[in-house]
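Enquirer:
Here it is in structure tokens:
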């Protein structure tokens, strides 16, 4: 990465300079062009977008839908989102979901940026249970607010969020709490009792919750096909906004289309923020989203089962070495693990590219509580995933010869 000259650095805003470099990108750059590498550093699968989704976009383009559109999103997509949520959650507040609760965004990251912009400013604080996706921290810093890490711990029952520790971190400046469940990178999934306790803290202290339930379909618990959700417990006065995306469920990472779900009284403010950030989402992408929601259930089921098998394959292979520690995840599509005797995981990520020909993300990219861990994405076909797992086992067993 090019180093800024002092002259140009002085011209940049402190918010721009506060944007942290990504530890994931560092490994990607190091290994991107390496022959034969198995790249498992990014949070996406290896399946392309299903044809029925791409065909919907193609038809839209052919029909000339290439003009400006509503910044909320087209009515058809907002209605499709409401119908999808009705199928997933059986309604909200005892009645069907209203399309007025949904705003279309340019991906999940845009939805997060809008939420941070709506509720925080310089001097405000944002609570982030860690290990956590680094973009929560980055979006907060770019806004001029202060991220406050609340470290989770790994125990015999998996990753644990200490609610007393979380409440102790609340101050009069706390405006937001990010709750990513199922979690990237750990797979931690909040049960309903934990969600209720977090909601009670929001009600008590007046901060907003940004519920990132992007991996809600990738759930491996015994109590249902969907991860527990704030949808099941909120009432109409609660300060909860949901961010979501088409990226994971329907293999649309490169499309950059997502959505926000929020109280309808906030929609006007968010529309203004969209006007001054993206000015809306292309109609052909929204047509693709409608197709994904309406026709994509079998594809989602295939993806979830594929990820379930991937988790078990990698976990079983690494556990057989006797050198790793991890909690088998309840959701998402990652395994977050520590290797005995390898505390410097930033350097380890680069070494594994060179020595094992496998690219995985260092835990240091996910906050202080991620130090000592590595994240591997398991949303891959069995053949490639088995090759990566065998290479890591080979390396862990002390062989210097690559597979």
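Numbering (our numbering), first residue to last: 524 to 926. We put the CB at the ideal spot given by N, CA and C, even for glycine.
1. When you compare only the Cα positions, how much space is there between residue 892 and residue 676?
2. Output needed for residue 847: all residues of its chain with C-beta closer than 8 Å, excluding positions within five of it in sequence on either side, in chain order.
3. In its own chain, which residues sit with a C-beta less than 8 Å from the C-beta of residue 887, not counting the 5 before and 5 after it?
4. Name the two residues that bound the continuous alpha helix (DSSP H) containing residue 822.
5. So if DSSP puts residue 767 in a beta bridge, which residue, or which two residues, is it bridged to?
6. Between 711, 809, 798, 824, which lies nearest to residue 748 when the distance is taken from Cα to Cα?
7. In angstroms with no decimal places, state the Cα-to-Cα distance between residue 560 and residue 833.
8. Going by DSSP, which residues form a beta bridge with residue 676?
9. Beta carbon of residue 856, beta carbon of residue 741: below 8 Å?
10. Quick one: measure Cβ to Cβ for residue 584 and residue 807, integer angstroms, because I've assumed they're closer than 8 Å.
11. Would the segment 679–690 count as touching the segment 701–712 if we require 3 or more Cβ pairs under 8 Å?
12. Does the contact criterion of 3 or more C-beta pairs under 8 Å hold for the segment 647–654 versus the segment 786–795?
13. In whole angstroms, what is the alpha-carbon distance linking residue 592 and residue 913?
14. So within the segment 553–616, which uninterrupted alpha helix (DSSP H) runs reach at least 4 residues, ignoring any that extend past its ends?
15. Using DSSP with H/G/I as helix, E/B as strand and the rest coil, what is residue 918?
16. So, at 6 Å on beta carbons, what are the nonlocal neighbours of residue 701 in its own chain, with the 5 sequence-adjacent residues on each side left out?
17. Considering just the uninterrupted stretch of the beta strand (DSSP E) at residue 735, what are its terminal residues?
18. Just checking, does the segment 660–671 make contact with the segment 711–730 on the three C-beta pairs under 8 Å criterion?
19. If you draw a straight line from the alpha carbon of residue 574 to that of residue 670, how long is it in whole angstroms?
20. Since residue 848 sits in a beta bridge, which residues does DSSP pair it with?
21. Using a Cβ-Cβ cut-off of 8 Å (strictly less than) and excluding sequence neighbours within five positions of residue 725, which residues of its own chain qualify?
22. Below 8 Å between beta carbons: does that hold for residue 766 and residue 899?
23. Would the beta-carbon of residue 668 fall within 8 Å of that of residue 644?
24. Rounded to whole angstroms, what is the Cα-Cα separation between residue 597 and residue 799?
25. Rounded to whole angstroms, how far is the Cβ of residue 477 from the Cβ of residue 908, which I believe are closer than 8 Å?
26. With 16 as the cutoff for other CB atoms within 10 Å, does residue 540 come out buried or exposed?
27. Report buried or exposed for residue 792, applying the criterion of at least 16 other Cβ atoms within 10 angstroms of its Cβ.
28. Based on DSSP bridge pairs, tell me the residues matched to residue 897.
29. Could you tell me which of 640, 721, 854, 805 sits nearest to residue 745, measuring between CA atoms?
30. Using the Cβ count rule (16 or more neighbours within 10 Å means buried), how would you classify residue 751?
31. Does any CB atom of chain B fall closer than 8 Å to the CB of residue 866?
32. Pull the bridge partners of residue 703 from the DSSP assignment, please.
33. Could you check which residue in 829, 589, 624, 628 has the C-alpha nearest to that of residue 906?
34. Using C-beta distances below 6 Å, list every residue in its chain close to residue 567, excluding the 5 sequence neighbours before and after it, in chain order.
35. Taking the DSSP output, what are the residues bridged to residue 933?
36. What three-state label does DSSP hand residue 926 in the structure shown?
Expert: In short, the structure shows the following:
1. Here residue 892 refers to the residue found at position 369 when the chain shown is read from its first residue. Here residue 676 refers to the residue found at position 153 when the chain shown is read from its first residue. One alpha carbon belongs to residue 892, the other to residue 676, and they sit about 8 Å apart.
2. Taking the chain shown and counting its residues from 1, the one referred to as residue 847 is at position 324. 841, 860, 861, 862, 863, 919, listed in sequence order.
3. Counting from one through the chain shown, the residue named residue 887 turns up at place 364. Result list for residue 887: 546, 868, 869, 893, 894, in chain order.
4. Your numbering for residue 822 matches position 299 in the chain shown. For residue 822, the enclosing alpha helix (DSSP H) has its first and last residue at 820–842.
5. Residue 767 sits at position 244 when you count from the first residue of the chain shown. 782.
6. As a first step, residue 748 is located in the chain shown; it is residue number 225 there, counting from the start. The residue among 711, 809, 798, 824 with its C-alpha nearest the C-alpha of residue 748 is 824.
7. For the purposes of this step, residue 560 is taken as the residue at position 37 of the chain shown. For the purposes of this step, residue 833 is taken as the residue at position 310 of the chain shown. Roughly 18 Å separates the two Cα atoms.
8. Here residue 676 refers to the residue found at position 153 when the chain shown is read from its first residue. As a beta-bridge residue in DSSP terms, residue 676 pairs with 683.
9. Within the chain shown, residue 856 is the residue found at index 333, counting from 1. Within the chain shown, residue 741 is the residue found at index 218, counting from 1. For the pair residue 856 and residue 741, the CB atoms are nearer than the 8 Å cut-off.
10. Taking the first residue of the chain shown as position 1, residue 584 is located at position 61. Taking the first residue of the chain shown as position 1, residue 807 is located at position 284. So it is a contact: roughly 5 Å between Cβ atoms.
11. Result yes; three or more Cβ-Cβ pairs closer than 8 Å.
12. The segment 647–654 makes no contact with the segment 786–795: fewer than 3 CB pairs, one atom from each, lie closer than 8 Å.
13. The residue labelled residue 592 in the question sits at position 69 within the chain shown. The residue labelled residue 913 in the question sits at position 390 within the chain shown. When rounded, the distance between both Cα atoms is 50 Å.
14. Secondary structure within the segment 553–616: the alpha helix (DSSP H) runs of 4 or more consecutive residues, fully enclosed, are 574–585, 598–612 (chain order).
15. Residue 918 sits at position 395 when you count from the first residue of the chain shown. The answer is helix: DSSP assigns residue 918 an H, G or I state.
16. Walking along the chain shown from the start, residue 701 turns up at place 178. Correct list, in chain order: 651, 659, 733.
17. On the chain shown, residue 735 is found 212 positions in, with the first residue counted as 1. From DSSP, the beta strand (DSSP E) with residue 735 extends over 731–735.
18. At 8 Å Cβ cutoff, the stretches do not touch.
19. Taking the chain shown and counting its residues from 1, the one referred to as residue 574 is at position 51. Taking the chain shown and counting its residues from 1, the one referred to as residue 670 is at position 147. Here the alpha carbons of residue 670 and residue 574 stand approximately 40 Å from one another.
20. Start at 1 with the first residue of the chain shown, and residue 848 comes out as number 325. For residue 848, which the question treats as bridged, DSSP gives the partners 861.
21. What you label residue 725 is simply residue 202 of the chain shown in a count that begins at 1. Excluding sequence neighbours, residue 725 sits near 700, 731, 732, 761, 762, 763.
22. Against the chain shown, residue 766 aligns to sequence position 243. Against the chain shown, residue 899 aligns to sequence position 376. Not a contact, by the Cβ cut-off of 8 Å.
23. Counting from 1 along the chain shown, the entry for residue 668 is found at position 145. Counting from 1 along the chain shown, the entry for residue 644 is found at position 121. The answer is yes: Cβ separation under 8 Å.
24. Sequence index remark: in the chain shown, residue 597 carries index 74 (1-based). Sequence index remark: in the chain shown, residue 799 carries index 276 (1-based). Roughly 18 Å separates the two Cα atoms.
25. Residue 477 lies beyond the residue range present for the chain, which begins at 524 and ends at 926; the question has no answer from this structure.
26. For this step, residue 540 is matched to residue 17 along the chain shown. Answer is exposed; the Cβ neighbour count stays below 16.
27. Your numbering for residue 792 matches position 269 in the chain shown. It counts as exposed.
28. Counting from 1 along the chain shown, the entry for residue 897 is found at position 374. Residue 897 pairs with 860, 885.
29. On the chain shown, residue 745 is found 222 positions in, with the first residue counted as 1. Nearest of 640, 721, 854, 805 to residue 745, Cα basis: 854.
30. The residue labelled residue 751 in the question sits at position 228 within the chain shown. Classification for residue 751: buried.
31. Absence of chain B from the displayed structure is noted, only one protein chain being present.
32. The residue given as residue 703 occupies position 180 in the chain shown. Per DSSP, 735.
33. As a first step, residue 906 must be located in the chain shown, where it is residue number 383. When only C-alpha atoms are compared, the closest one is 829.
34. As a working mapping, residue 567 is identified with position 44 in the chain shown. So the qualifying residues of the chain are 776.
35. Only positions 524 to 926 of the chain appear in this structure, which leaves residue 933 out of reach.
36. Taking the chain shown and counting its residues from 1, the one referred to as residue 926 is at position 403. In the structure shown, residue 926 sits in coil (DSSP, three-state: anything other than H, G, I, E or B).
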